[in-house]
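S.K.: Quick note, the sequence shown lines up with residues 1 to 700 if you use full-length UniProt numbering.
We treat Cβ as the ideally placed atom computed from N, Cα and C, and that holds for glycine.
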Amino acid sequence: MAQASNQELTDRFIQFYRNYYRDEIGQLAQQYPNEKRSLYIDYDDLYQFDADLAEDYRSQPDQLQEYAEEALRLYDLPADVKLGNAHVRLRNLPESVDIRGIRVHDNHIGKLVAVQGIVRKATDVRPKITDSAFECQRCGTMNYIPQQDGEFQEPHECQGCERQGPFRINFDQSEFIDAQKIRVQESPEGLRGGETPQSIDMNVEDDITGKVTPGDHVTAVGVLHIEQMSEGNEKSSLFDLYMDGVSITVEDEEFEDMDIEQADIETIITLSNEDDIYDQMVGSVAPAIYGYEEEKLAMILQLFSGVTKNLPDGSRIRGDLHMLLIGDPGTGKSQMLSYIENIAPRSVYTSGKGSSSAGLTAAAVQDDFGDGQQWTLEAGALVLADKGIAAVDELDKMASDDRSAMHEALEQQKISISKAGINATLKSRCSLLGAANPKYGRFDQYEPIGEQIDLEPALISRFDLIFTVTDQPDPEHDGKLADHILKTNYAGELNTQRDRIATSEFTQQQVDDVTEEVAPEIDAELLRKYVAHAKRSCFPTMTDEAKATIREFYVDLRSKGADEDAPIPVTARKLEALVRLAEASARVRLSDTVEAEDADRSVDIVRSCLQDIGVDPETGQFDADVVETGTSKTQRDRIKNIKGLISDIEEEFEEGAPIEEVLDRADEIGMDASKAEQEIEKLRRKGEVYEPKQDHLRTT
């Protein structure tokens, strides 16, 4: 470009600022340099002003950035204000590039591009030298050398005495700038299962450093560059991609990657008004698995989730539903989890044995990302699933201290990390869908279910819904299940070999009919968009009827525990679960109000869950402690009574209470001998009684 055209471009930018950014430059001038150091300009504004200029900015960003910043310095401001090092930062580019879609033949290199993703790592903010002043130790002359990215440049000889040093950097005369390196990884919602997310590194400088933490969803605009890779000391013929950051916007918008067109929205609204929308939704979850309508409905409600509420005092009530499936092997739990992971707009799937606490929450990693070895945080599964669903299979196979990492994530929906001198809090506003097997691999129908769940009560009590999936022989159900599985397999065979079969004994129509029977009622892609649209645009509030229904159910249940001796049937945690379920139910209909039918639906689901798992098998009463503490009130009373009996008897005998005597007198406390023997064994294991002499007991 000739000198004149440089001047013309600068004048063009000045004209643009006058037309569009007069007020913003005025504010910048008042707050420069302490509070603001950049002027943010919108690509659309520049395009409206001059389409060619906007296109040139994208194709030759480095040159046009200089003219834009020069124009800012020449802009007529009050005499005492100088915007010496102010930056111009372009944002809101019309389309973003997929990180995995960056290609040489698409001419992305050297251009201004926008990428969307999640921040995987960020280094500390460090000063970087841009203009170094070298003081000659012999004659004291200052030698100024501008520093570029890459190797540090030192003077060859002194400009004063022409000797080759020695030199010392004078920090007061040198210029520094803040610098940071971040790694942006593709968002999980843009990926199909099984794809490894790709990432790109980005260098950011000055006032946009320190603005993001691992786990943030961002749109980053920057200039794409390449640098040569090296293997050991030798240079390679391969080059690596990186970006020089121009602007970073943290996206709080949910599912920013999902483009939902107007036609899709119209289809979704039509669907939401249909009477059997809930049945259609249930028919769209894992159609290859027969039955489990209630579990599938609960999973749909979990996808839509309740509304998160921020209270005036700064605290928040979570809207996400957590759900646990505990069941016999071969009941299709993992398949349902995988299906949900596929249709959730943002999801992360992990399996118990292959997950550690660091992999679920965040890991502190020491590597040479940035310059030199330094500690950085890497976001784990629950952080990556922020505002989506984390599906964790085989929960019971995880080590218990790894599971304990999930407690805070489930209730507070944040993860606090203190590792390697890094103290940080990451967001994990996700719903957890867990699956586990019972303690002995299969349910024992004679044991209380609470005792067969081998998970910590503190973890279990955080789940809003717990379903038990048992596998009992039942000729009628088994016949239907067999038919369904055979039909599904048959449809799968026909679908796989569709082209070959369609030319032989079957017509295309017959193939379609069979495959249609086991196809989901709502296509998975449309369901993804449906969920994203509902969560984006629908925030239902409770009607008085719905409040009354939920209140009545809760008070009625609690009143059953009103007499002194009865267990507490349900805690306030369940009340919040009822509200969340009712809100999710309203979201399915895209309704802005929670009606009585939604409240009834949530009450039915919670009641059936409580009947599965919240009932003391001995008394048949609802008992919240079965889930909350793992020990029912009846068991606690028994333990108390048997300990009392042992301590009474041990006073009568010198060597402690003989076991025979304890068992003989067990009926005094309304317990038969075999039950008493079991309880004594449990107390022994817990260390609450010991044997000073064989077959004699003492309490500790």
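Pick from L683, P33, G291 and S400: whose alpha carbon is nearest that of D476?
M.R.: The question names Asp, but residue 476 is Glu in the sequence shown. Answer by Cα proximity: G291.
S.K.: Is residue 706 buried or exposed, if buried means 16 or more other CB atoms sit within 10 Å of its CB?
M.R.: Outside the shown range of the chain, which is 1 to 700, sits residue 706, and nothing can be said about it.
S.K.: Less than 6 Å between C-beta atoms, sequence neighbours within five positions excluded: which residues of the same chain meet that for H696?
M.R.: Counting only Cβ-Cβ distances below 6 Å, and skipping sequence neighbours, we find E655, G656 and P658.
S.K.: By DSSP, does H87 sit in helix, in strand, or in coil?
M.R.: Correct three-state label for H87: strand.
S.K.: Rounded to the nearest angstrom, how far is the Cβ of V88 from that of A68, given a contact under 8 Å?
M.R.: Yes, they are in contact, since the Cβ atoms of V88 and A68 sit about 4 Å apart, within 8 Å.
S.K.: Does DSSP classify Q137 as helix, strand or coil?
M.R.: Coil at Q137, not helix or strand.
S.K.: Under three-state DSSP, which class holds E456?
M.R.: Three-state DSSP puts E456 in coil, outside helix and strand.
S.K.: Excluding the five sequence neighbours on either side, which residues of its own chain have a C-beta within less than 7 Å of the C-beta of T638, listed in chain order?
M.R.: One detail in the question is off: residue 638 reads as Arg in this sequence, not Thr. M671 and E679.
S.K.: In whole angstroms, give me the CA-to-CA distance for D396 and G352.
M.R.: Rounded to whole angstroms, D396 to G352 spans 7 Å at the Cα level.
S.K.: With H, G and I counted as helix, E and B as strand and the rest as coil, what does DSSP make of N6?
M.R.: Here N6 sits in helix by DSSP.
S.K.: Helix, strand or coil, according to DSSP, for T425 in the structure here?
M.R.: In the structure shown, T425 sits in a strand (DSSP, three-state: E or B).
S.K.: Please say whether D604 and A586 have beta carbons closer to each other than 7 Å?
M.R.: No, these two residues do not count as a Cβ contact at 7 Å.
S.K.: Using 8 Å for Cβ pairs, my map puts S305 next to D320. What's the rounded Cβ distance?
M.R.: The Cβ separation is near 5 Å, so the contact holds.
S.K.: If you reduce the DSSP assignment to three classes, tell me which class Y20 lands in.
M.R.: If DSSP states are grouped into helix, strand and coil, Y20 belongs with the helices.
S.K.: Buried or exposed: which applies to V104, given that a residue is buried once 16 or more other Cβ atoms fall within 10 Å of its Cβ?
M.R.: By the 10 Å Cβ count, V104 comes out exposed.
S.K.: In the DSSP assignment, find the alpha helix (DSSP H) that holds T468 and state where it starts and stops.
M.R.: Careful: T468 lies outside any alpha helix (DSSP H), inside the beta strand (DSSP E) at L465 to V469.
S.K.: Just to confirm before moving on: does the CB-CB distance between M243 and M281 stay below 7 Å?
M.R.: Not in contact: M243 and M281 (Cβ atoms no closer than 7 Å).
S.K.: To the nearest angstrom, report how far apart M1 and R120 are at their CA atoms.
M.R.: With a pLDDT of only 44 at M1, under 50, the local geometry of the prediction cannot be trusted, and the value read off the model is given with reservation. Distance between the alpha carbons of M1 and R120 is about 40 Å.
S.K.: Leaving aside the five residues before and after L575 along the sequence, list all residues of the same chain whose C-beta is less than 8 Å from its C-beta, in chain order.
M.R.: I550 and Y554.
S.K.: So R403 and L459 are supposed to be a Cβ contact under 8 Å. How far apart are they, rounded?
M.R.: Their Cβ separation, rounded to whole angstroms, is 6 Å, which keeps R403 and L459 in contact under 8 Å.
S.K.: In this structure, how does DSSP classify T549 when only helix, strand and coil are distinguished?
M.R.: Helix, per DSSP.
S.K.: DSSP three-state label for G327, please.
M.R.: Here G327 sits in strand by DSSP.
S.K.: Could you give the distance in angstroms between the alpha-carbon of Q3 and the alpha-carbon of V307?
M.R.: Residue placement at Q3 is poorly supported in this model, since its pLDDT is 44, which falls under 50; the coordinates are not used for a value here.
S.K.: Nearest to residue 738 by alpha carbon, out of R91, P520, V218 and D544?
M.R.: Since the first residue shown for the chain is 1 and the last is 700, residue 738 is missing from the structure and cannot be characterised.
S.K.: In or out: A546 buried (at least 16 other Cβ within 10 Å) or exposed?
M.R.: Buried, because 16 or more other Cβ atoms sit within 10 Å of the Cβ of A546.
S.K.: Going by the beta-carbon positions, is the gap between A286 and M336 smaller than 7 Å?
M.R.: Contact flag set, yes.
S.K.: With distances taken Cα to Cα, identify the nearest neighbour of K387 among S431, I422, L527 and Q185.
M.R.: With distances taken between Cα atoms, K387 lies closest to S431.
S.K.: Go ahead and pull the three-state DSSP assignment for residue 716.
M.R.: A question about residue 716 goes unanswered here, because the residues of the chain that appear run from 1 up to 700.
S.K.: Please classify G380: is it buried, with 16 or more other beta-carbons within 10 angstroms of its beta-carbon, or exposed?
M.R.: So G380 counts as buried.
S.K.: Pick helix, strand or coil for T541, following the three-state DSSP scheme.
M.R.: Strand, per DSSP.
S.K.: Determine the direct distance from the alpha carbon of Y20 to that of A29, and round the result to whole angstroms.
M.R.: Straight-line Cα distance between these residues: approximately 16 Å.
S.K.: Give the single residue among Y47, A71 and I300 whose Cα lies nearest to the Cα of Q15.
M.R.: The candidate whose alpha carbon is nearest that of Q15 is A71.
S.K.: Work out the CA separation of L46 and A54 for me, nearest whole Å.
M.R.: Going from the Cα of A54 to the Cα of L46 covers about 6 Å.
S.K.: Closest to D98 by CA distance: which of V184, C139 and R73 is it?
M.R.: It is V184.
S.K.: Taking the CB atoms as reference points, tell me whether residue 702 and G283 lie closer together than 7 Å.
M.R.: Past the boundaries of the shown model lies residue 702; the chain is included only from 1 to 700, so the question cannot be answered.
S.K.: What distance in whole Å lies between the Cβ atoms of S461 and R580, which are believed to be in contact at a cut-off of 8 Å?
M.R.: About 15 Å; that fails the 8 Å criterion.
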